[in-house]
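Down below is the structure, laid out as structure tokens.
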Amino acid sequence: MMQAEGNKNVNTIQYHSQVCPMQYCSTRGGVHGWDFQDVLFSGYAPDGGMFMPESVPVLSPGTLRGWRGLTYTKLVVEVASLFIPTQLIPRVDLEVLVGEALSGFSVPEVLRIARLKQGLSVLELFHGDTLAFKDLAMTCTVRFLDYFLRKQNRSATVLVGTSGDTGGSAIQSARGLSGLDVVVVYPRGRITPVQEKHMITCLEDNVHVFAADGSSDDIDQPLRRLFADQELVRSHGLMSLNSVNWSRVMIQLAHFIYAYLELSGMEQAEADEDLPGLEVVVPTGGAGNIAAGYIVKQMGFPLKLVAMVNSNDIVHRMVTTGDFSMAADVTQTLAPAIDIQDPYNMERVFWLLLGRDGASVKNIMEEFQQSHRHSLPENHRKLLSQVLSTGTVTDEGILDTMRRCWEENQYVLCPHTAVAVWHHYHCTHSPSLNRCYIATASPAKFQAAVQRAGLNFDLPKAVLALDKLATRYQNLERSLNWCKDWEDRLREKIQSVSSARKNRGTYYS
1 MMQAEGNKNV
11 NTIQYHSQVC
21 PMQYCSTRGG
31 VHGWDFQDVL
41 FSGYAPDGGM
51 FMPESVPVLS
61 PGTLRGWRGL
71 TYTKLVVEVA
81 SLFIPTQLIP
91 RVDLEVLVGE
101 ALSGFSVPEV
111 LRIARLKQGL
121 SVLELFHGDT
131 LAFKDLAMTC
141 TVRFLDYFLR
151 KQNRSATVLV
161 GTSGDTGGSA
171 IQSARGLSGL
181 DVVVVYPRGR
191 ITPVQEKHMI
201 TCLEDNVHVF
211 AADGSSDDID
221 QPLRRLFADQ
231 ELVRSHGLMS
241 LNSVNWSRVM
251 IQLAHFIYAY
261 LELSGMEQAE
271 ADEDLPGLEV
281 VVPTGGAGNI
291 AAGYIVKQMG
301 FPLKLVAMVN
311 SNDIVHRMVT
321 TGDFSMAADV
331 TQTLAPAIDI
341 QDPYNMERVF
351 WLLLGRDGAS
361 VKNIMEEFQQ
371 SHRHSLPENH
381 RKLLSQVLST
391 GTVTDEGILD
401 TMRRCWEENQ
411 YVLCPHTAVA
421 VWHHYHCTHS
431 PSLNRCYIAT
441 ASPAKFQAAV
451 QRAGLNFDLP
461 KAVLALDKLA
471 TRYQNLERSL
481 NWCKDWEDRL
491 REKIQSVSSA
501 RKNRGTYYS
């Protein structure tokens with residue numbers, strides 16, 4: 001059987017490693033040789049790290065050219081097949097799973113490119129049920145989970161902390177699945193009404209929602225402690241659907257590749273010429289998209305990555321000065337989904353940047369998690385700045401960008417997308433390099449920001465209907481020992497839903 005350095009979660013399904021070429025390891029060096037199924041059903045690795053493929057496939061220019069013209073759905077299949085061996089999910093099954101996952105989006109092409117004036121190209125990733133980019137990877141990931149659960153007659157419990165969009169996406173993707181319970185914790189008063197209603201209006205028996213009196217970074221603290229309890233993970237099939245989960249990041253590779261194939265101008269290059277580059281500008285908080293973009297760059301796509309942040313500017317400070325430290329408090333902004341001071345997916349970027357040096361990554365991340373600060377050595381900061389540019393945007397900058405984009409294009413941006421598009425209006429660009437701006441959410445989710453910008457946006461019928469639905473959730477109150485109290489409440493819920501599943505019987509009983 002597969003050997004791992006570290007205690008393997010026994011709720012995952014084991015395999016004979018010699019038949020599966022793609023294996024996964026922890027960014028902190030303590031776990032090796034896991035397969036896709038193992039990491040899919042895991043949160044953090046047992047050593048506290050994050051899972052990554054032990055090798056990143058590098059694609060030839062011929063392969064890149066051959067992918068041009070593929071639909072987004074077919075491109076997801078091609079990307080996923082690089083990381084999921086056919087011994088685990090046969091190609092025909094993978095095509096069905098991805099096709100079904102992406103069939104419910106509001107536009108037939110799943111995502112859409114808005115080509116606006118002055119070279120402003122916006123990649124719209126928000127045409128799923130919860131109007132956010134999370135739906136793309138979440139729907140596919142939940143289909144993969146359901147596939148394995150059905151085959152093994154098993155069940156699992158998903159624990160999700162959310163800054164706004166992840167929770168709703170996880171709930172909508174998994175609602176009604178009898179073998180999968182979803183426990184979601186969101187920061188009360190720090191997300192928009194639409195984000196909240198996408199969670200609390202779901203009354204299915206397998207959905208359990210908590211509203212916490214704190215920030216999304218506060219929520220992460222008890223969740224990390226729960227995932228570190230290997231007995232709890234093993235006994236109750238506990239797993240994560242945050243972008244901690246490799247499958248989420250894996251699917252996100254596809255929209256970077258799609259953007260490159262459609263917007264780089266590669267079709268104009270001769271077969272013997274170097275492929276042109278593409279600058280991709282991303283609004284970021286937890287850095288999942290940044291990790292995905294950097295992996296795509298390592299796969300052979302000539303991307304220039306720009307991470308734009310709001311007033312929670314830890315990623316910007318880290319790249320420009322080496323200051324990888326949390327501010328005293330999370331600042332509430334008009335772009336709440338990226339109101340994050342712990343960009344946890346930077347751990348994956350560090351691992352790649354430092355040549356897969358798990359010991360160095362372990363030292364960086366443990367110091368950061370214990371003290372909430374770390375000073376990057378100048379040689380590490382320079383390496384990072386060579387692959388990632390950054391900028392920071394105030395609330396006023398967000399509003400100005402939303403107004404200007406409307407005045408010039410009659411196109412309404414959500415405040416998160418405006419964080420990215422601010423770069424278009426304020427930074428010098430090379431005329432020889434095409435650019436793409438990632439639109440992570442629909443403006444329909446952020447009506448207060450749209451109105452503050454003096455703009456109007458007609459809400460979709462599905463959003464208007466949320467106001468008429470019943471709600472259900474539980475409170476996590478702030479207390480003197482709030483972290484321990486929240487951990488205990490969530491542990492009790494995890495244990496109770498697991499017991500209820502056992503009383504119902506296994507997946508297909």
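Position 446 of the sequence shown, counted from 1, bears residue number 446 in the UniProt record's numbering, the numbering being contiguous throughout.
Quick reminder that beta carbons are idealized off the backbone N, C-alpha and C, glycines included.
Computed from a predicted model, the values in this text were never measured in an experiment.
Taking the CA atoms as reference points, L413 sits about 23 Å from L102. The shortest CA-to-CA distance from P61 to any of F457, E270 and F210 is the one to E270. As summarised for the segment 174-253, the continuous beta strand (DSSP E) elements at least 3 residues long and confined to that stretch are 180-187, 207-212 and 238-240, given in chain order. The Cβ atoms of H424 and L120 sit closer than 8 Å to each other. Under the rule that a run must span 3 or more residues, the beta strand (DSSP E) segments found entirely inside the segment 288-363 read 303-309 and 323-325. Judged by DSSP in its simplified three-state form, A453 adopts coil rather than helix or strand. Per the coordinates, the alpha-carbon of T284 lies some 33 Å from the alpha-carbon of E231. Taking C-beta atoms as the reference points, G29 and A359 count as a pair closer than 8 Å. Considering only P193, K134, T139 and Y72, the residue with the shortest C-alpha distance to V110 is Y72.
Listed as beta-bridge partners of V280 by DSSP are L305 and C436. One thing to note: L223 has its Cβ no nearer than 8 Å to the Cβ of G286.
In this structure V182 touches N206 by the C-beta definition: roughly 6 Å separates them, less than 8 Å. DSSP places G161 in no alpha helix (DSSP H) but in the uninterrupted beta strand (DSSP E) bounded by A156 to G161. S243 and N345 have their alpha carbons spaced roughly 8 Å apart. In the three-state DSSP reduction, T392 falls in the strand class (E or B). The three-state reading of DSSP puts V31 in coil, since its state is none of H, G, I, E or B. Counting other Cβ atoms within 10 Å of its Cβ, T428 stays below 16 and is therefore classed as exposed. By the Cβ-count criterion, R115 is exposed, with fewer than 16 other Cβ atoms from all chains shown falling within 10 Å of its own Cβ. The three-state reading of DSSP puts S498 in helix, counting H, G and I together. The C-beta of N379 has fewer than 16 other C-beta atoms within 10 Å across all chains shown, which makes the residue exposed. Taken through DSSP and simplified to helix, strand or coil, V98 comes out as helix. In the three-state DSSP reduction, L476 falls in the strand class (E or B). Between A156 and M239 the beta-carbon gap is near 6 Å, inside 8 Å, which marks them as a contact. Taking G277 as reference, the option from F301, N289 and S178 with the minimal CA-CA separation is F301. The residue from A441, D485 and T86 with its alpha-carbon nearest to that of T166 is A441. In this chain, the alpha helix (DSSP H) harbouring V419 covers P415 to H426. Taking 8 Å as the cut-off, the beta carbon of V77 is found no closer than this to the beta carbon of V56. Cβ atoms of F256 and V281 stay farther apart than 8 Å, at about 12 Å. Contact between M318 and R248 is absent: CB atoms are separated by about 22 Å, not below the 8 Å threshold. Note on the segment 81-146: whole beta strand (DSSP E) runs with a minimum of 3 residues are 112-115 and 121-124, in chain order. Here R403 is not bridged, per DSSP, to any residue.
Contact between V419 and V309 holds, with the beta-carbon distance rounding to 7 Å and staying under 8 Å. Here T390 is near A307, since their CB atoms are less than 8 Å apart. Contact annotation, H127 with R143: C-beta distance approximately 18 Å; criterion of less than 8 Å not satisfied. Taking C-beta atoms under 8 Å as the contact rule, R65 and M266 qualify, at a distance of about 7 Å. T471 and S42 have their C-alpha atoms spaced approximately 30 Å apart.
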